[in-house]
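In the working numbering, the protein residues as written are 37 to 130.
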Amino acid sequence: AVELEGRTFRTKGDATAYFSKMLAKYSVGAEVSGDDAVLLSQLLKRHRSYEVIVEGGVDSFTTMISEEKSKCFAVLREDGSLCGFSFHKCITPK
37 AVELEGRTFR
47 TKGDATAYFS
57 KMLAKYSVGA
67 EVSGDDAVLL
77 SQLLKRHRSY
87 EVIVEGGVDS
97 FTTMISEEKS
107 KCFAVLREDG
117 SLCGFSFHKC
127 ITPK
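Now the structure itself:
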């Protein structure tokens with residue numbers, strides 16, 4: 037199970053499907069809003085590099101193209117910098 041404060045997914049596959057669908061509904065650079073942003077912030081806490089990703093404070097969530105040339109979620113920090121992250125690494129932290 038993947039347990040978040042706002043929701044529990046029975047399997048990692050269920051969580052992967054949910055967040056894949058969420059990512060697909062936002063265009064690159066669009067702000068992730070509402071309940072999606074709340075759930076994404078809960079998921080991000082599971083990332084092994086959480087402290088680095090949120091360093092300087094989180095302004096909002098958005099999407100971007102990663103160095104690997106795929107769309108990913110990103111944190112827009114309060115200083116205006118972007119830090120992309122893989123939701124897969126949040127579902128299955130190393």
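Each residue gets a CB set at the ideal place from its N, CA and C atoms; glycine is no exception.
Counted as a single uninterrupted DSSP element, the beta strand (DSSP E) harbouring Lys107 occupies residues Lys107 to Arg113.
Per the Cβ contact rule, the stretch 83-92 is not in contact with the stretch 53-70 (fewer than 3 Cβ pairs under 8 Å). Per the DSSP secondary-structure output, Phe55 pairs with nothing in a beta bridge. Here DSSP, grouped into helix, strand and coil, assigns Val74 to helix. Distance check between Val64 and each of Ser102, Gly92 and Arg113 places Ser102 closest, using alpha-carbon atoms only.
Taking Arg46 as the centre and dropping the five residues before and after it, the same chain places the C-beta of Ala37 closer than 8 Å to its C-beta, in chain order.
In this structure Leu79 is in contact with Leu40, their Cβ atoms being roughly 6 Å apart against a cut-off of 8 Å. For a cut-off of 8 Å, the C-beta gap from Ala66 to Thr98 is around 7 Å, short enough to register as a contact.
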